[in-house]
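Below you'll find the structure, written out as structure tokens, and then a few comments.
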Amino acid sequence: MRRLQSRSKSLYLLMIVVAVVYMLYVTYVNFIHDPQAAEFLSHKTGVKRPVVVPVWLNVMYVHIVFACLAMIAGAINFSTKILSKHRKLHRVNGYVYLLSVAVVVLTSGYMAPYSTGGKINSIAFNVMNLIFMGLTVAAIVQIKRKQVDSHRKWMVRSYAFCFTNLFIHMFTFVFHNGFGIEYALSYTLGVYGALVLNFALAEFVIRFIYTRPAAIMPTGNKKNKVIA
Ligand code: HEM
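Okay, structure coming up:
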């Protein structure tokens with residue numbers, strides 16, 4: 006039991022470190038180092054619809070800001086301390102997460118038709134949009150029904166999608182720089198790889214980390230009700 010708790014704490018800390026470092030990196034690259042996204046846009050060869058760069062850039066900025074907000078709000082809400090001691094903060098922050106996911110999905114919907122690598126990635130991004138929103142709404146529905154464990158599981162599945170961009174770049178880097186595969190194909194492998202990894206990571210956390218029921222009562226529940 007103790008080992009499981011400390012494993013869960015270490016994993017939570019690791020997740021926070023990865024999220025913070027990644028957010029700093031994304032902010033630096035996209036707002037300071039290359040605010041015109043010249044490097045990223047240079048790979049958009051063979052895209053059927055021409056990118057209207059000023060509009061695309063503004064949408065991307067909004068996308069990044071809300072993506073970071075979703076990462077922060079989600080990370081805070083997985084803290085058991087905050088959940089047990091500041092229930093209202095958890096609830097308000099949960100709605101911040103929901104709103105941020107909605108904006109990420111909407112902005113992603115705008116950018117998807119112009120995806121690097123073309124139609125095959127546009128489809129993948131649109132599928133991801135549906136899944137990401139669906140998982141998040143499922144988590145909210147579960148807590149409205151006072152199903153704490155189920156809510157936590159769906160939130161884990163939803164939150165894994167906050168790491169999509171990190172995984173895409175990780176896979177793309179390995180395939181392109183490591184194996185010398187052409188950029189567009191590496192990016193496609195990255196997009197599909199990220200989709201699979203999102204699900205796999207979430208299931209790993211659910212099966213091996215969150216193995217016990219959450220020791221938390223939903224608000225408005227009768228005092229002695231046991232949550233299984
Ligand atoms: C929550 C964490 C996320 C961050 C930090 C993030 C960040 C970014 C950034 C910086 C870009 C610009 C291009 C690049 O450098 O990759 C981008 C593009 C994009 N993102 Fe996200 N994103 C996140 C999540 C998502 C999710 C969950 C989806 C889909 C459901 C998504 C869909 C897209 C699409 C479609 C593009 C355009 C890709 C292209 O033009 O090829 N993003 N994102």
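Sequential numbering from 6 applies to the sequence shown in this note's numbering.
Ideal Cβ placement from N, Cα and C applies to all residues, glycine included.
Query raised in the report: By Cβ distance, which residues of its chain are closer than 7 Å to residue 198, with the 5 residues on each side in sequence left out?
Result: 172, 176
**Report entry** Other residues of its chain near residue 11: CB distance less than 6 Å, five sequence neighbours each side excluded
**Finding:** none
**Report entry** Distance between beta carbons of residue 27 and residue 83, contact taken as under 8 Å
**Finding:** Actually they are not in contact, since the Cβ atoms of residue 83 and residue 27 sit about 16 Å apart, beyond 8 Å.
Query raised in the report: Roughly how many angstroms separate the alpha carbons of residue 53 and residue 127, rounded to a whole number?
Result: 11 Å
Query raised in the report: Taking 6 Å as the cut-off, is the CB of residue 166 close to at least one heavy atom of the ligand HEM?
Result: Taking non-hydrogen atoms of the ligand HEM into account, the C-beta of residue 166 is found less than 6 Å away from one of them.
Query raised in the report: By a C-beta neighbour count over all protein chains shown, 10 Å radius and 16 as the cutoff for buried, is residue 37 buried or exposed?
Result: exposed
Query raised in the report: Using the beta-carbon count (16 or more within 10 Å), is residue 69 buried or exposed?
Result: buried
Report task. Less than 8 Å between the CB atoms is what I'm expecting for residue 122 and residue 216, so what's the real figure, rounded? Result -> Not quite, the Cβ-Cβ distance comes to about 38 Å (not below 8 Å), so this is no contact.
Requested in this report: Starting from residue 85, follow the alpha helix (DSSP H) in both directions and report where the run begins and ends.
Outcome: Element bounds for residue 85: 85 to 90.
Query - Residues of its chain near residue 125, where Cβ-Cβ distance is below 7 Å and the 5 sequence neighbours each way are ignored - result: 193
Report task. Check whether the Cβ of residue 130 sits closer than 6 Å to any heavy atom of the ligand ADP, and report yes or no. Result -> No copy of the ligand ADP occurs in the structure displayed; its ligands are the ligand HEM alone.
Query raised in the report: Expressed to the nearest angstrom, what Euclidean distance is found between the alpha-carbon atoms of residue 48 and residue 188?
Result: The alpha-carbon atoms of residue 48 and residue 188 are separated by roughly 7 Å.
Query raised in the report: What number of angstroms, rounded off, separates the C-alpha of residue 163 from the C-alpha of residue 59?
Result: 30 Å
Query - Chain-order list of residues whose beta-carbon lies under 6 Å from that of residue 115 (same chain, five-residue window excluded) - result: When the five nearest sequence neighbours on each side are left out, the beta carbons in the same chain lying within less than 6 Å of the beta carbon of residue 115 are those of 64, in order along the chain.
**Report entry** Same chain, Cβ closer than 7 Å to residue 81, five either side skipped, listed in chain order
**Finding:** 87, 98
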